[in-house]
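Visitor:
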Amino acid sequence: MYPDLDQSEVVFVHKLASGEPTARSRALKKLHAFLKQRSEDSSLNEETFKRLSKGLHYAMWMQDKPILQQELAENIASLIDDFGTHDEGALFVKIFFQALSTQWHLVDRWRMDKFLMMARVMIRKTFDVMSKNKWSKDITATYLSVFKETLINSQSNIVQSLKTHFASLYLDELSKTEKVTKAVSEKFIEPYLEILQENRATDFFFKSICDEIFQTLIYTASEEIRRGDLEDVDSEEEDVDDIVQLLRIDNPIPCDFDKLGDRLFEIGAQPTVNSKRRQRLYALSKKFKAIVQGKNPQPEPMEVSDKPAISKSKMHKAAERLLGMQQKLHMDRQKFKMEMKEMKKKQNEERIADLLTSIITSKGTKKIKSSNKFKPNAIKKKGHLKTSSTASRRHAGSSSKGKTSKFSSKKR
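If you read the sequence shown in UniProt numbering, its first letter stands for residue 1, the second for the next number, and so on.
#1: Could you round the C-beta distance between Leu-193 and Arg-263 to whole angstroms and report it? I think they count as a contact, below 8 angstroms.
#2: Answer yes if the stretch 312-331 comes into contact with the stretch 285-295, meaning at least three C-beta pairs across the two stretches below 8 angstroms, and no otherwise.
#3: When the Cα atoms are used, what is the spatial distance from Met-118 to Glu-74?
#4: How long is the line joining the alpha carbons of Ala-99 and Val-129, rounded to whole angstroms?
#5: Suppose contacts are defined by Cβ-Cβ distances below 9 angstroms. Is Phe-115 in contact with Leu-174 by that definition?
#6: Would Arg-333 be called buried (16 or more neighbouring beta carbons within 10 Å of its own) or exposed?
#7: What is the rounded straight-line gap between the Cα of Thr-142 and the Cα of Thr-150?
#8: Exposed or buried, what is Met-60 when buried is set at 16 or more other beta-carbons lying within 10 Å of its beta-carbon?
#9: Quick one: residues in its chain with C-beta nearer than 6 angstroms to the C-beta of Phe-97, no 5 flanking neighbours on either side, listed in chain order?
#10: Less than 7 angstroms between C-beta atoms, sequence neighbours within five positions excluded: which residues of the same chain meet that for Gly-84?
#11: For Asp-138, name the three-state secondary structure that DSSP assigns.
#12: Can you give me the C-alpha to C-alpha distance between Met-340 and Lys-328, rounded to a whole angstrom?
#13: Where in the stretch 271-327 do unbroken runs of the alpha helix (DSSP H), each at least 4 residues long, occur, reported from the N-terminal end onward?
#14: Between Tyr-58 and Leu-106, what straight-line distance do the alpha-carbon atoms span, to the nearest angstrom?
#15: Hey, Ser-185 and Pro-297: beta-carbon distance below 9 angstroms or not?
#16: So, using beta-carbon positions, are Ile-225 and Ile-209 closer together than 9 angstroms?
#17: Which residue wins for smallest C-alpha separation from Lys-207, given the options Gln-279, Gln-103, Asp-108?
#18: Report yes if the C-beta distance between Thr-202 and Ser-131 is below 9 angstroms; otherwise report no.
#19: For Asp-138 and Ser-145, what's the separation of their Cα atoms in angstroms?
#20: Using DSSP with H/G/I as helix, E/B as strand and the rest coil, what is Asn-348?
#21: Roughly how many whole angstroms lie between the Cα atoms of Glu-9 and Val-93?
#22: Hey, could you find the ends of the alpha helix (DSSP H) Asn-199 is sitting in?
#23: Would you grab the beta carbon distance between Gln-270 and Phe-205 for me? Rounded to a whole angstrom, and I think it's under 8 angstroms.
#24: According to DSSP, is Leu-44 helix, strand or coil?
#25: Could you check whether Phe-34 and Leu-91 sit closer than 9 angstroms to each other, using their CB atoms as the reference points?
#26: By how many angstroms is the C-alpha of Ser-168 removed from the C-alpha of Met-62?
#27: Once the 5 residues before and after Ser-18 are set aside, which same chain residues still bring their CB inside 6 angstroms of it?
#28: Label Ser-51 either buried or exposed according to how many other C-beta atoms from any shown protein chain fall within 10 Å of its C-beta, with 16 as the threshold for buried.
#29: My parser needs the beta strand (DSSP E) runs of 3 or more residues fully inside the stretch 82-138; what are they?
#30: Measuring only the C-alpha atoms, how far is Phe-188 from His-86?
#31: Give the straight-line distance between the Cα atoms of Lys-346 and Leu-356, rounded to the nearest whole angstrom.
#32: Assign Glu-178 to one of three DSSP states: helix, strand, or coil.
#33: Decide if His-14 is buried, meaning its Cβ has at least 16 other Cβ atoms within 10 Å, or exposed.
#34: May I ask you to report which of helix, strand or coil DSSP gives Asp-262?
#35: Tell me which residue opens and which closes the alpha helix (DSSP H) that Val-159 is part of.
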């Protein structure tokens, strides 16, 4: 049935996509040993990872319980530890996101959250591997190259929604790792600066990068400045802690804000950048420069006083006026309804009167027409004229004959 496939790989794919939870869990446990053995034999390749990634995708598809979904995502991400080399681990991460992107159009809204969570767990595990290896240049470059080929690439085949989701959690997950220095943060921010410099990203992806990467850094620095200003204010400590928890800046990423501001300004000054993007890049650069000067780049929140701005007497008067207006509107509405009823009643009476008069007049004309013996203009008909003319001639002839007979009798 599958002549070019390893039979063991086919079995793993079928078991991982099984409808039985026990079959899926057993297959996943055996997959760890399978990958370790294959890694030792150096027999893992891209095609193997493609088939296994598809099986892992449907293993998550079949899992419906939220707690078990989290455990499954962490179990899938832990497969990185089974590889003997980081090149194999990086290839697995690359194929994993490519498979997720390929099946993305089939994910419905009920399954969207668990696949986004699985992507987050995989990214967290990748950062954790780099952190445990003390951010080694070679290992960091290996995994970062995978991100640059897939998720941090405006021209890759990865769906745009996955790219924007990755940008939204990129700094969040990076800040949770240990020993992140300025040099490390520059390495991970540089790929997004390169995308802005290429100026080939869509407007949606450009906005996502500006908001999720650079604006997040500005929010973090702004909150750090505000926290420094409010260190001695005990009454506002709880609010500050809530904001810190919301922005997840317990471990803010160290950055060279001056260098970032200069770089964004240089990118915005390129002639290929349109005016809208140039304004956004200049605004970000200006905010980074303000941070360097120790100024808060974000506008201060409005202070809300506890005292009411309007006295109770004014509030009561306003309420009374409102009630009076409502009553007046109600009375006007009722009056308008009565007037409309009277108007409709008069119109109906007028229509009935007009209808009766038209009926009476039509009956009178019909009686007059029936009493006439002859139709009007009957004398104008051709036959009637002919008969009247012949009758007159006959009458004239008879009278002349009478006269001649009288004259002849006298003569005799």
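Glycine is no exception: its CB is placed at the ideal position from the N, C-alpha and C atoms.
Computed from a prediction, not measured in an experiment: that's the story for all the values here.
Guide: Once the coordinates are examined:
#1: 6 angstroms
#2: no
#3: 8 angstroms
#4: 21 angstroms
#5: no
#6: exposed
#7: 13 angstroms
#8: buried
#9: Thr-150
#10: Ser-39, Glu-40
#11: It is helical.
#12: 18 angstroms
#13: 275-292
#14: 11 angstroms
#15: no
#16: no
#17: Gln-279
#18: no
#19: 10 angstroms
#20: For Asn-348, the secondary structure class from DSSP, reduced to helix, strand or coil, is helix.
#21: Approximately 18 angstroms, taken between the alpha carbons.
#22: Where Asn-199 is concerned, there is no enclosing alpha helix (DSSP H), given that its DSSP letter is neither H nor E.
#23: About 17 angstroms; that fails the 8 angstroms criterion.
#24: coil
#25: No, they are not a contact pair.
#26: 27 angstroms
#27: Arg-24
#28: A quick correction: the sequence has Arg, not Ser, at residue 51. Buried, because 16 or more other Cβ atoms sit within 10 Å of the Cβ of Arg-51.
#29: The stretch 82-138 contains no whole beta strand (DSSP E) run of 3 or more residues.
#30: 18 angstroms
#31: 15 angstroms
#32: Assignment of Glu-178 by DSSP, reduced to helix, strand and coil, places it in the coil class.
#33: exposed
#34: helix
#35: From DSSP, Val-159 is part of no alpha helix (DSSP H); its letter is neither H nor E.
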